[in-house]
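Here is the structure we will look at, set down as structure tokens.
Here it is as structure tokens:
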């Protein structure tokens, strides 16, 4: 499965008419995803989002992983959304 | 004189008298501009501004606006007045300063969304007002805004506006650092939060969300993806956004003390074409569509989001209140 932008993922899953997953199903899938991708250095947050009417797992990446690293498109049927969010910083005015 | 004559005279006088004056530091000092430290010197000295003023419906005259008293006795001013042959409207206007936005200047009563900070940091945002179990009021913002990332001591001055916005310990202290949740560089963090006392006599308005409406209490514990939110912050003022994810774990955030990990966070994107937050908005209270408190803004990035303007990260407000042992004051 190639990387897709967040908006493309939404279109993709809507087009595929995915079944609707509950928040409990998404939480269970999230826990499994976190175990599965614990070694991927670019991962910067795993949470829960929505794709249409269904809950889904969201994986944030600081940057696109190098070739060879594969992220699953779904976990137990629950869709997985992947987004590159860059570096996250505290938000005061910069400088000291 | 007619408008064309006024324009011609103005251009001529600028060429003949003002441009040489600005180009020569020796001439400026000869005018008696008082000595100041090098750091205080303006790159462009204050002299005179020339324009055109209306005398009556069809008649115009030269407008001379003097920005330094020393120039009133100068040969340049005398020459300009002579050239205008009595057709000059002369006014002393003094120093003109840029006007800071409402939330980056000194605000009394204190308001949600204004610039604030520990005296050593640049500036962040005053989130909201809370009450301790004994009923006394406190200001809520981030640890990195009020406690300088764990390095602040209880009793340290908190100033409004923040230092970057011209706040000074001597005249702008509005309270003191009281309590903060220590940021943990070695394990999961859940909130970036701190409290400041409010100095006796400093008035505050705990309800107004400037530009939005009135704060209406605390929202539900659960914030869903797709929920609409808004905030008032020091840098981007009022912005609207949408929750894009929740229960986010393993979010790594860059601080001066190193990268810190946060669990159970809320992710928000800006509505429309702008970001939901920028640097200086740290500490902003985030409210839902009914203006109920739902989260405390603390971090963000420049990438991601439907509009490509980056994502903002926030602590659930219930977690913040619980760990600090406070309730919303509104």
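Protein chains in written order, with the numbering used here: chain A, 17 to 112; chain C, 307 to 636. All C-beta atoms in this analysis are idealised placements derived from N, C-alpha and C, irrespective of residue type, glycine included.
Across the set C:399, C:430, C:466, C:387, the C-alpha of C:387 shows the shortest separation from the C-alpha of residue 315 of chain C. DSSP lists C:559 as the bridge partner or partners of residue 566 of chain C.
Here the alpha carbons of residue 391 of chain C and residue 355 of chain C stand approximately 18 Å from one another. At a cut-off of 8 Å, the C-beta of residue 70 of chain A has no neighbouring C-beta in chain C.
Residues of chain A with a Cβ closer than 9 Å to the Cβ of residue 603 of chain C are, in chain order, 107. Contact annotation: residue 604 of chain C and residue 106 of chain A have beta-carbon atoms nearer than 8 Å.
Counting every other CB atom within 10 Å of its CB across the protein chains shown gives residue 587 of chain C a total of 16 or more, marking it as buried.
Here residue 415 of chain C has 509, 510, 511 as same chain residues with Cβ atoms under 6 Å from its own Cβ, once five neighbours each way along the sequence are excluded. Cβ neighbours of residue 358 of chain C within its own chain (closer than 8 Å, five residues either side excluded): 309, 312, 313, 316, 366, 367, 368, 369. Taking residue 60 of chain A as the centre and dropping the five residues before and after it, the same chain places the C-beta of 76, 77, 78, 101, 104 closer than 7 Å to its C-beta, in chain order. In the three-state reduction of the DSSP assignment, residue 307 of chain C falls in the coil class, being assigned neither a helical nor a strand state. A Cβ-Cβ separation of about 19 Å leaves residue 625 of chain C out of contact with residue 521 of chain C under the 8 Å criterion. Residues of the same chain with a CB within less than 7 Å of the CB of residue 410 of chain C, apart from the 5 flanking positions on each side, are 421, 467, 471, 540 in chain order.
Within the region 39-61 of chain A, those residues whose Cβ lies closer than 8 Å to any Cβ of chain C are, in chain order, 43, 46, 50, 59, 60, 61. When the Cα atoms are used, residue 455 of chain C and residue 578 of chain C turn out to be separated by approximately 33 Å.
No Cβ-Cβ contact shorter than 8 Å links residue 496 of chain C with residue 453 of chain C. For the region 468-501 of chain C, the beta-carbon criterion of a distance under 8 Å to any beta-carbon of chain A is satisfied by 468, 470, 498.
Under DSSP, residue 444 of chain C takes part in a beta bridge, and its partners are C:436. The criterion of a C-beta distance shorter than 8 Å is satisfied by residue 65 of chain A and residue 551 of chain C. Looking only at A:82, A:83, A:62, the smallest Cα-Cα distance to residue 45 of chain A is reached by A:62. If you check the CB distance, residue 623 of chain C and residue 602 of chain C come in under 8 Å. For the pair residue 447 of chain C and residue 621 of chain C, the Cα-to-Cα distance works out to about 11 Å. Rounded to whole angstroms, the gap between the alpha carbons of residue 423 of chain C and residue 479 of chain C is 10 Å. Distance check between residue 628 of chain C and each of C:517, C:430, C:439 places C:439 closest, using alpha-carbon atoms only.
In the assembly as shown, residue 535 of chain C is a buried residue. Its beta-carbon has 16 or more other beta-carbons within 10 Å.
For residue 389 of chain C, no beta strand (DSSP E) run applies; the uninterrupted alpha helix (DSSP H) run containing it begins and ends at 381-389, by DSSP.
Not one beta carbon of chain A lies nearer than 8 Å to the beta carbon of residue 628 of chain C. In chain order, 43, 46, 63, 64 make up the part of chain A whose C-beta sits under 8 Å from the C-beta of residue 553 of chain C.
Using a CB distance cut-off of 8 Å, residue 582 of chain C does not count as an interface residue toward chain A. Residue environment for residue 83 of chain A: exposed (fewer than 16 other C-beta atoms within 10 angstroms of its C-beta).
For residue 325 of chain C, there is no enclosing beta strand (DSSP E); the enclosing alpha helix (DSSP H) covers residues 325-329.
For a Cβ distance threshold of 9 Å, residue set 103, 104, 105, 106 of chain A lies close to residue 560 of chain C, ordered along the chain. Residue 326 of chain C and residue 307 of chain C have their alpha carbons spaced roughly 26 Å apart.
The straight-line gap separating the alpha-carbon atoms of residue 576 of chain C and residue 442 of chain C is approximately 35 Å.
Membership of residue 43 of chain A in the alpha helix (DSSP H) is indicated by the continuous run 39-52. Scanning its chain for C-beta atoms nearer than 6 Å, with the 5 sequence neighbours on each side dropped, one finds around residue 50 of chain A the residues 62, in chain order.
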